[in-house]
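All the letters of the sequence shown, read from the start, carry residue numbers 13 to 192 under the working numbering.
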Amino acid sequence: MLMRAEKDKIISGLKKDIESAKAVFLTNLVGIGSNEAVALRKEIRESQGKVVVTRNTLFKKAVEGTVAEPMLGDLKGPHALAFAYEDAAAVAKALKIAGKEFEAVELKGGVLNGELLSLAQVNQLADLPSRDEMLGTLLATFMAPVSAFARLTHAIKEECESQGVDKPSDLKVEVASVEA
13 MLMRAEKDKI ISGLKKDIES AKAVFLTNLV GIGSNEAVAL RKEIRESQGK VVVTRNTLFK
73 KAVEGTVAEP MLGDLKGPHA LAFAYEDAAA VAKALKIAGK EFEAVELKGG VLNGELLSLA
133 QVNQLADLPS RDEMLGTLLA TFMAPVSAFA RLTHAIKEEC ESQGVDKPSD LKVEVASVEA
């Protein structure tokens, strides 16, 4: 049985987490094994997030006056909150993947940057690439012209060597005729 001081400490901690997180997701972890729950918590922690499981009454008191109040106001049954402090898409993706592996884990809603999200919006967020994947795509886009130029200069060098000329301007270029 929790003492009043312990409850107040949990409520203030939850309130602080809700206010400092970029995103909060409502889910359920009851029904999965402890090893799987630990693995999920670890994956969320690696995405700069955390998972909290406590009583619904404590969740309700912690969200009073916050944007998450409509989402958590009328909870029944076991629930957990997942907080994303950096990459909200990565945390949502981890929960969605866990939901595919275990029937008990289910995304039920969320809050992102102070706006309430529907279940469909949370699923769309989970389908986004992670921050690292997006940065990799951006880097590849930036590098594409440079790598194309490098391939072109290498091809010119190879052609100069095959024709036995010193300068690219001395290359003999054949023009392909286009037949109609």
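Think of the CB as a built atom: it goes at the ideal place given N, C-alpha and C, for glycine as much as any other residue.
Nothing here was measured: the structure is a model prediction, and the numbers come from that model.
For the options Ala-49, Val-65, Leu-151 and Val-64, the alpha carbon positioned closest to that of Ile-109 is the one of Ala-49. For Glu-127, no alpha helix (DSSP H) run applies; the uninterrupted beta strand (DSSP E) run containing it begins and ends at 127-129, by DSSP. Per DSSP, Leu-93 lies in no alpha helix (DSSP H) segment; the continuous beta strand (DSSP E) that holds it begins and ends at 92-96.
The beta carbons of Phe-95 and Asp-144 sit no closer together than 8 angstroms. About 7 angstroms separates the beta carbon of Leu-137 from that of Leu-124, a gap short enough to meet the 8 angstroms contact definition. Only exposed fits Met-15, as fewer than 16 other CB atoms lie within 10 angstroms of its CB.
With fewer than 16 neighbouring CB atoms inside 10 Å of its own CB, Thr-149 falls in the exposed class. If the five residues before and after Ala-74 are omitted, its C-beta is found closer than 6 angstroms to the C-beta atoms of Ile-23, Leu-26 and Lys-27, all from its own chain and listed in chain order. In chain order, Lys-62, Val-63, Ala-94, Val-103 and Ala-106 place their CB closer than 7 angstroms to the CB of Ile-56, counting only its own chain and leaving out the 5 sequence neighbours on each side. Taken in chain order, the whole alpha helix (DSSP H) runs of length 4 or more contained in the stretch 101-173 are 131-139. Taking 8 angstroms as the cut-off, the beta carbon of Leu-183 is found closer than this to the beta carbon of Gln-175.
Contact annotation, Val-134 with Gly-126: C-beta distance approximately 15 angstroms; criterion of less than 8 angstroms not satisfied. Counting C-beta atoms within 10 angstroms of its own C-beta, His-166 has fewer than 16 neighbours from the protein chains shown and is therefore classed as exposed.
According to DSSP, residue pairing for Gly-61 in a beta bridge involves Ala-96. At a Cβ-Cβ threshold of 8 angstroms, Gly-85 and Lys-72 count as neighbours.
Counting only runs that start and end inside the stretch 30-75, the alpha helix (DSSP H) elements of at least 4 residues fall at 46-58 and 68-74.
Proximity to Glu-18 across Leu-70, Asn-47, Ser-59 and Gly-45 peaks at Leu-70, based on C-alpha coordinates. Inter-residue distance for Lys-169 and Val-187 is about 19 angstroms (C-alpha atoms, whole angstroms).
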